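Quick note on our numbering: the sequence shown kicks off at 1 and runs consecutively. Heads up, the beta-carbon is just placed ideally off N, CA and C, and yes, glycines get one too. Here the structure is a predicted model, which means the values were calculated and not measured. Report on the structure given below.
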Amino acid sequence: MYHNQLAGQIPTQLVNVKSLTVLKVNDNQISGSIPLEFGNLTQLQRLDLSSNHLIGEIPKEFGKMKSMLNLCLADNQLKGIIPQELEFYEVLEELDLSRNRLNGSIPKSIELDLSQNLLTEEIPSEVQSLKNLQKLNLSHNRLYGSIPIAFTSLPSGIAIDLSNNELTGPVPLSSNFENTSFQGNPGLCGNFTGLKNFVQLKSRRRKITPFIIGSSW
């Protein structure tokens, strides 16, 4: 049902199909809030509601969907705190909440994109516990403070984007930063010699826009 110019709100009848495993209604004109009844879809593995006109908060009932592998709510008008209940996703591989107005703490997943939101905090050192992380995008937010030394414990080869925030201080020396973008953080400093794919810091600051854990509006 994706890319079909569907309009109106998500029908509650749809979220009562308990055996549903995949639901893609992205790239439509769907509006309103996300029904709390989504929590009833305990077999759901892939949910894509991106590129619509959804408003309100992400229901904490989402935490009941323990089979979730891929969750994409990007490019909507969602706001509020990212539910802590998302931590209950034990098999989650990809989480894309970019281009919204979300804030709160960083949940765990394989590919984490929280760009273009309203995250205004220091990067938590607990990010080192994301041992299976392959991609981390926290760009275009308002993250401040220094880059935690715990980042050096992240898996080798991980793609990291921390660009366009308000980070300051030295960049921890690690080979893990070879596929990392720090541009748009003029307060950062350090010696980046030997980082082949490192995106050089730029002193010119761009307007904050949505990406992984960023400010989008």
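Which of helix, strand or coil DSSP assigns to Thr12: If DSSP states are grouped into helix, strand and coil, Thr12 belongs with coil.
Three-state secondary structure assigned by DSSP to Glu166: strand
Starting from His140 and walking both ways along the beta strand (DSSP E), at which residues does that stretch end? Per DSSP, His140 belongs to no beta strand (DSSP E) and is neither H nor E.
Span of the beta strand (DSSP E), counted from its first residue to its last, around Asn100: DSSP places Asn100 outside any beta strand (DSSP E), giving it a letter other than H or E.
Sub-9 Å separation of Ile82 and Ser105 beta-carbons: yes
Using 8 Å for Cβ pairs, my map puts Leu41 next to Lys24. What's the rounded Cβ distance? Not a contact, Cβ separation roughly 13 Å.
Taking only three categories from DSSP, how would you classify Glu178? helix
Rounded to a whole number of angstroms, what is the C-alpha to C-alpha distance between Glu122 and Tyr89? 24 Å
Please tell me whether Leu119 and Leu143 are closer than 9 Å, where the distance is taken between their beta carbons. yes
Are the beta-carbon atoms belonging to Ser109 and Leu130 less than 9 Å from one another? yes
Measure the alpha-carbon distance for Ile149 versus Leu44 and round it to whole angstroms. 37 Å
Give every residue of the same chain whose Cβ lies closer than 8 Å to the Cβ of Leu36, excluding the five residues on either side of it in the sequence, and list them in chain order. Pro59 and Glu61
Span of the beta strand (DSSP E) holding Asp96? Glu94 to Asp96
CA nearest to the CA of Gly187, picked from Phe177, Leu167 and Asn100: Leu167
Enumerate in chain order the residues of its own chain whose CB-to-CB distance from Leu154 is below 8 Å, with the five nearest sequence positions on each side excluded. Val127, Gln128, Leu130, Leu133, Leu136, Ile160 and Asn176
Quick check: the Cα distance between Lys79 and Gln29, rounded to an integer number of angstroms? Distance between the alpha carbons of Lys79 and Gln29 is about 18 Å.
Does the separation of the CB atoms of Asp48 and Asn70 fall below 9 Å? yes
Ala150 in three-state terms, based on DSSP: Reduced to three states, the DSSP call for Ala150 is helix.
Would you mind working out which of Gly32, Leu54 and Ser67 sits nearest Val22, comparing C-alpha positions? Ser67
Mark Gln9 as exposed unless 16 or more other C-beta atoms lie within 10 angstroms of its C-beta, in which case mark it buried. exposed
For Ala74, which residues from the same chain have a beta carbon less than 6 Å from its beta carbon, with the 5 sequence-adjacent residues on both sides left out? Ser50, Asp96, Ser98 and Arg99
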